[in-house]
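*Asks:* Going by the working numbering, the first residue of the sequence shown is number 2, and it counts up by one from there.
All residues carry an ideal CB built from backbone N, CA and C; glycine is no exception.
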Amino acid sequence: MIALLLHGWIVTRDWSTPALTGHEFRQTQTAIIARYIDKQNNFSVDYDTPILGKPWRIPLEFPLYQWAVVGVQRLTPLTNVQAARMLSLVSFYGTLGAVFLLLGDIGVRVAARWLILAVVLCTPVYLFYARAFLIDPMATCFSAWFLAAFVRTLGQRDWRWGLLCTLAATAAALIKSVLFFVWLVPAAAWGAWRLWESWKQEKVGAAIGNIILWGIGPMVLPAVSLLWWIRHTDEIKQTHPSGWIFTSEALSRGNWGMFSVTAWLDWAMWERMMARWSETLMPPFAVVAIVLTGWLIAARWRVALLGTMALFLVGQVAFPYAYADQDYYFYAAAIFAAVAIGIAMVGLLECDAWPRLLRMILVLLPLGLLHQSYAAGYQDWLARAGENEWAVTKALREYLPEDSVIIVVGEDWSAVVPYFSHKRALMIRRGLERDDDYLVRAFTDLDGEDVSALLLFREYRDLNRLAGFAQDRFQLDSEPTFKSEGLDVYIARRYRDRLVDEVGQDRSRFFDITELAADATDRWEGRTPLLVSGKESAKQFPLIDAKVTKVLAEHFPNLREEGQSQTMNLHPDMDIWLETDVREGVITWEFGIVDAAFAGNGANDHTDGVDFLVVAESANGKRRRPLFRRLLNPAARPEDRGLQRFEFGFELDVNEQMVIVIRGGFSRNYDWAYGRQFEITPLTISASDHSH
């Protein structure tokens with residue numbers, strides 16, 4: 002009970018944090034699938050995995066776990082991350098029930114089973130990944146119940162156990178066949194042992210019939226389902242410009258090193274594997290010492306110790322690269338090593354030749370080693386789970402349209418940036434960065450999409466050919482819009498100024514952004530401003546307390562009479578250049594958005610906001626610094642409705658010119674903005690004096 006309470010306390014810390022600590026690349030892949038299933042309401046097996054460009058529909062996982070996450074999210078107040086954590090945790094605790102039954106099958110008494118389960122609860126990989134946004138906890142739960150049901154199906158020949166065996170095996174095989182294989186091996190061994198027992202009893206015919214009906218029978222549906230899923234997804238992946246790496250054949254050869262003799266003979270691989278032991282369980286020498294001690298002092302448990310340790314090694318031998326390089330793969334197998342350690346502890350407690358106090362002390366030693374391994378690794382990771390989000394993904398999420406597409410180079414196929422920035426992505430896989438044929442096809446596939454940014458990581462920042470190709474095709478900044486450590490980001494020119502202004506005014510929220518471009522891009526793409534004479538300025542812009550020298554606008558700022566007052570339309574996009582002798586003073590500005598612009602309730606029948614800015618522009622027109630900015634979004638914020646009035650100080654350098662800038666949101670629909678008085682008061686005269 003203490004181990005259970007401790008486990009529950011550890012895994013529920015920072016429960017609400019959106020951070021997916023621990024192999025984020027793998028968790029975000031599962032999470033982004035769940036997000037788009039929910040967003041598109043697409044509960045088919047052909048769902049979107051929007052990380053490799055078009056076609057977006059490329060199924061990488063059978064989505065049973067993701068369907069469950071979306072279902073829990075919709076039925077409860079939980080976020081998708083919280084729903085995923087709850088499902089993973091329920092799956093982990095559900096696995097313990099199957100293990101409890103299996104321990105009874107090998108002769109472990111009830112009291113001793115609780116001790117062994119306590120070891121499982123204290124195992125580092127289950128303290129850390131039991132709540133992860135991963136398919137592994139659910140696949141392990143189904144696999145464990147498959148094995149428990151399989152043992153009972155052969156022993157009791159009960160169709161109910163056979164049905165559970167079939168359903169659990171089908172679910173486990175579809176969710177993650179590599180994981181299911183680890184649990185399929187003991188099932189095969191158990192079936193072979195039952196056949197051998199029948200053979201010794203000279204009941205060969207009955208034994209073969211029993212194995213075929215009750216052993217092989219429940220495996221027909223899982224096998225057929227898995228073969229269908231592999232064939233179905235391989236056909237889709239093979240036709241994708243870069244998705245072919247995820248075909249079953251490519252994964253077996255590359256990512257997994259499936260039964261690779263080369264991998265087995267690779268000493269560096271085994272060094273990495275032993276490091277994974279230390280992370281997920283405890284140092285290898287400690288595991289060997291504990292199991293060997295149990296072997297020496299408890300003869301009755303030797304077969305169980307040998308069997309469970311062999312099962313712990315099955316996955317590592319079958320898929321060495323997967324286990325050596327990715328600690329979460331041990332989620333499927335570490336439970337066998339934990340059981341072996343627990344059995345050794347049971348054997349020690351049963352050794353009456355040793356003093357009772359000594360036995361109690363020695364039994365606590367493995368639990369201490371497990372805690373030490375957790376504290377040395379995962380505990381620090383989990384402590385950082387609530388740290389601030391990376392500024393880059395925050396900026397992309399907040400200031401670029403959610404339905405836009407980003408291109409990412411240097412992160413292979415990791416879904417971290419797309420997931421946290423809430424964007425679909427063309428992740429250019431490692432090795433394809435200089436493949437012109439691939440780039441032309443991948444970029445052409447994005448025709449019609451709103452490509453909003455290009456991210457170049459690390460050494461790929463020097464890919465001038467790729468960057469130039471993307472800049473021309475998608476109208477991106479010609480120079481990095483901003484930089485972070487080891488990263489250059491190019492923003493689409495239509496979104497660039499707004500992002501730069503926002504980030505520039507709130508650098509404390511974006512401290513990871515080390516360099517932010519200050520030069521304003523040419524929003525108007527070469528269009529010539531309309532020059533305004535002094536006479537025209539006084540006539541057409543009487544509400545502006547300065548001389549208007551030129552205007553660039555989608556809709557010219559005409560005057561309108563409203564009762565006893567005048568208003569001027571300020572529909573975006575619009576730039577109004579002003580000439581004033583006042584270099585330092587106070588501006589009073591009244592503006593707003595008409596009520597009809599936010600009256601609609603649909604997603605596209607109201608304004609999504611208008612930016613009102615005053616900037617100081619350099620003499621050459623290439624640099625702008627903000628003097629004032631206010632974004633009005635009356636559809637979302639009631640306080641932004643009606644006429645707004647602001648007073649703010651300003652200071653202009655000798656060669657700077659003041660510009661009123663009006664910008665729309667991601668949509669230009671219903672951006673019906675207006676302005677009233679724009680007054681400039683010199684610093685030496687108070688606003689009240691000026692009004693008199």
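Pair every Cβ in the region 11-31 with every Cβ in the region 140-153, then say whether three or more of these pairs are closer than 8 Å.
*Replies:* Taking 8 Å as the limit for Cβ pairs, the verdict is that the region 140-153 does not touch the region 11-31.
*Asks:* Which partner residues of R631 appear in the DSSP bridge assignment?
*Replies:* R631 is bridged to F613.
*Asks:* Which of the three DSSP states is assigned to R14 in this structure?
*Replies:* In the structure shown, R14 sits in coil (DSSP, three-state: anything other than H, G, I, E or B).
*Asks:* Tell whether a beta-carbon distance below 8 Å holds between L65 and I237.
*Replies:* No. Outside cutoff.
*Asks:* Exposed or buried, what is E537 when buried is set at 16 or more other beta-carbons lying within 10 Å of its beta-carbon?
*Replies:* Exposed.
*Asks:* Pull up the CB-CB distance for D137 and Y127, whole angstroms please, since I reckon it's below 8 Å.
*Replies:* The pair is not a contact, with the Cβ atoms about 11 Å apart (cut-off 8 Å).
*Asks:* I136 by DSSP, collapsed to three states: which one?
*Replies:* The answer is coil: DSSP assigns I136 none of H, G, I, E or B.
*Asks:* Per DSSP, which one or two residues make a beta bridge with I674?
*Replies:* The amino acid occupying residue 674 in the given sequence is Ala; Ile does not appear at that position. A674 pairs with I594.
*Asks:* At the level of alpha carbons, what is the spacing between R430 and V410?
*Replies:* Taking the straight line joining both Cα atoms gives about 7 Å.
*Asks:* Just list the residues that DSSP pairs F483 with in beta bridges.
*Replies:* Paired residue(s): V490 and L517.
*Asks:* Applying the criterion that 16 or more other CB atoms from any shown protein chain within 10 Å of the CB defines a buried residue, is I217 buried or exposed?
*Replies:* Result: exposed.
*Asks:* Starting from the Cα of R584, find the closest Cα among W160, A547, Q380 and H556 and give me that residue.
*Replies:* For R584, the nearest C-alpha among the options comes from A547.
*Asks:* Among all the DSSP beta bridges, which residues are the ones paired with R664?
*Replies:* For R664, which the question treats as bridged, DSSP gives the partners D612.
*Asks:* For Q74, which residues does DSSP report across the bridge?
*Replies:* In the DSSP output, where bridge partners are listed per residue, Q74 has none listed.
*Asks:* Please go through the same chain and pick out, in chain order, the residues whose beta-carbon is closer than 7 Å to the beta-carbon of A521, but skip the five residues on each side of it.
*Replies:* With a pLDDT of only 49 at A521, under the threshold of 50, the placement of this residue in the model should not be trusted, and no figure is reported.
*Asks:* Residues bridged to F247 by DSSP?
*Replies:* F247 is not bridged to any residue.
*Asks:* Name the one or two DSSP bridge partners that N570 has.
*Replies:* In the DSSP output, where bridge partners are listed per residue, N570 has Y675.
*Asks:* Would you check whether the ligand SAH has a heavy atom nearer than 7 Å to the C-beta of Y332?
*Replies:* In the structure on display, the ligand SAH does not appear, and there are no ligands present to speak of.
*Asks:* Using the C-alpha atoms, what's the distance from S453 back to E434?
*Replies:* Between E434 and S453, the C-alpha separation is close to 19 Å.
*Asks:* Using the C-alpha atoms, what's the distance from A69 back to I107?
*Replies:* C-alpha separation (whole angstroms): 33 Å.
*Asks:* With distances taken Cα to Cα, identify the nearest neighbour of T80 among R114, D39 and L118.
*Replies:* That would be D39, whose Cα lies nearest to the Cα of T80.
*Asks:* Tell me the rounded alpha-carbon separation between R658 and Y675.
*Replies:* At residue 658 the sequence reads Gln, which differs from the Arg that was named. Computed Cα separation, rounded: 23 Å.
*Asks:* Could you tell me which whole alpha helix (DSSP H) segments of length 4 or greater appear in the region 17-88?
*Replies:* Correct list: 25-41 and 65-76.
*Asks:* Run through the region 383-449 for me and flag every whole alpha helix (DSSP H) of 4 or more residues, listed as ranges in chain order.
*Replies:* Whole alpha helix (DSSP H) segments, 4+ residues: 392-400, 417-422 and 437-446.
*Asks:* Tell me whether W271 sits in a helix, a strand or coil according to DSSP, three-state version.
*Replies:* Three-state result, W271: helix.
*Asks:* Which residues does DSSP pair with M283 in a beta bridge?
*Replies:* Paired residues: none, contrary to the question.
*Asks:* So, V186 versus V315, is the Cβ gap smaller than 8 Å?
*Replies:* Cβ distance < 8 Å, so V186 and V315 count as in contact.
*Asks:* What do you get for C193, buried or exposed, if any count of 16 or more other CB atoms within 10 angstroms of its CB means buried?
*Replies:* As written in the sequence, residue 193 is Ala, which differs from the Cys given in the question. When all chains shown are included, A193 counts as exposed.
*Asks:* Nearest-angstrom Cα distance between I34 and D49?
*Replies:* Distance between the alpha carbons of I34 and D49: 7 Å.
*Asks:* Ignoring anything shorter than 3 residues or poking outside the region 536-570, list the beta strand (DSSP E) runs there in chain order.
*Replies:* Here the runs fully enclosed are 548-554, 560-563 and 566-570.
*Asks:* If you measure between the beta carbons of P573 and V611, is that distance less than 8 Å?
*Replies:* Result yes, Cβ atoms of P573 and V611 sit closer than 8 Å.
*Asks:* Going by other Cβ atoms of all chains shown within 10 Å of its Cβ, with 16 needed for buried, is V289 buried or exposed?
*Replies:* Answer is exposed; the Cβ neighbour count stays below 16.
*Asks:* Only counting the same chain, and skipping five residues up and downstream in sequence, which positions put a Cβ closer than 8 Å to that of Y324?
*Replies:* Closer than 8 Å at Cβ, skipping near neighbours: M274, R277, G316, Q317, Y330, F331 and A334.
*Asks:* When the Cα atoms are used, what is the spatial distance from F101 to R114?
*Replies:* Going by the C-alpha atoms only, they are around 6 Å apart.
*Asks:* With a threshold of 7 Å on Cβ separation, who are the neighbours of S711 within its own chain once the five nearest residues in sequence on each side are excluded?
*Replies:* The shown model of the chain, from 2 to 693, leaves out residue 711, and the question about it has no answer.
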